[in-house]
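In full-length UniProt numbering, the protein residues as written are 1 to 288. Positions of the beta carbon are idealized from the N, C-alpha and C atoms, including for glycine. Quick caveat: nothing in here was measured; it's all calculated off a predicted structure. Some notes on the structure that comes next.
In structure tokens, the structure reads:
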């Protein structure tokens with residue numbers, strides 16, 4: 001199979017440099033309306049990023065085994081050529097949209113993705129705040145593999161998608177020209193995505209293109225100032241609590257569930273779902 005570079009890995013020095021530049025910009029040009037950086041939050045985000053790279057080794061094995069099996073089953077094998085890269089990137093972003101949306105509305109997936117939304121700050125270090133444990137994500141790109149696309153080509157497009165998303169985690173860039181705002185995910189769109197206000201929840205899921213959100217009814221314009229974080233703040237900078245707090249809450253709900261149907265519902269229903277009437281008095285719920 002074609003070999004592709006790990007562009008996210010090789011971009012880490014640039015990520016860190018840009019993060020330092022953004023920090024300096026807040027020192028030289030402070031803005032009371034912007035959240036900016038704090039030491040503890042930044043260290044936590046970086047710690048989550050380091051841990052996620054360790055998990056990426058395990059994840060790579062999971063993806064390799066799953067995609068190798070699916071590619072073997074594909075009735076047609078598509079020989080990759082660089083001229084088809086734009087089309088594959090658009091297709092990958094379409095499936096990324098559904099992956100990202102599912103990670104917000106299915107609690108099993110939210111248990112890992114919640115890490116990325118746990119910061120009450122929004123800056124370039126937030127882009128590095130990822131889960132240490134995120135199983136099952138490979139299923140969302142399975143259709144592309146079954147269509148015959150080489151797994152390394154699909155994963156390379158996924159890396160390009162992640163690389164693009166780095167720069168949209170900032171408050172230092174306002175709204176861009178209207179054609180760009182209409183077509184692409186921008187910092188303005190992604191600020192909405194990270195906001196905890198009710199009108200902004202579960203909006204703007206695209207990775208590169210915002211057209212999917214416009215087509216499938218999940219788009220929201222940035223109007224009021226976003227308030228970042230979760231609807232129920234976790235109030236901790238401990239990386240282990242950040243990484244596993246929602247898995248722990250999910251385990252408690254599964255343990256106290258009245259039956260297997262409720263257990264299944266806890267896994268696949270949205271975060272915060274509980275059966276009615278509730279079977280216990282204490283509030284043990286998902287953080288959003």
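Note that the C-beta distance between residue 151 and residue 95 is not below 8 Å. In this chain, the alpha helix (DSSP H) harbouring residue 166 covers 151-166.
For residue 132, no alpha helix (DSSP H) segment is defined, and its DSSP state is neither H nor E. Here residue 237 carries a coil assignment [DSSP, helix/strand/coil]. Under a 10 Å Cβ-count criterion, residue 236 is classified as exposed, with fewer than 16 other Cβ atoms of the shown protein chains found around its own Cβ.
Shown here, residue 96 sits in a helix according to DSSP, grouped into three states. Boundaries of the alpha helix (DSSP H) harbouring residue 189: 187-193, taken from the DSSP string. In this structure, residue 100 sits near residue 207, with a CB-CB distance shorter than 8 Å. The DSSP-derived three-state label of residue 37 is coil. Going by beta carbons, residue 42 and residue 125 fall inside the 8 Å limit.
Under the three-state reduction of DSSP output, residue 264 falls in the helix class. In terms of CA proximity to residue 25, 172 leads the group 55, 172 and 216. Check the Cα spacing between residue 93 and each of 231, 176, 30 and 140: the tightest is with 140. In the displayed model, residue 108 falls within a helix according to three-state DSSP. Per the DSSP secondary-structure output, residue 80 pairs with nothing in a beta bridge. Under the 10 Å beta carbon count, residue 276 is surrounded by fewer than 16 other beta carbons and is classified as exposed. Going by DSSP, residue 17 is part of the alpha helix (DSSP H) stretching over 7-28. Fewer than three Cβ pairs drawn from the segment 73-89 and the segment 54-64 lie within less than 8 Å of each other, which leaves the two stretches out of contact. Of the candidates 145, 17 and 116, the residue whose Cα lies closest to the Cα of residue 63 is 145.
Buried is the label assigned to residue 110, since at least 16 other Cβ atoms lie within 10 Å of its Cβ. Annotation for residue 222: no alpha helix (DSSP H) segment contains it, and DSSP assigns it neither H nor E.
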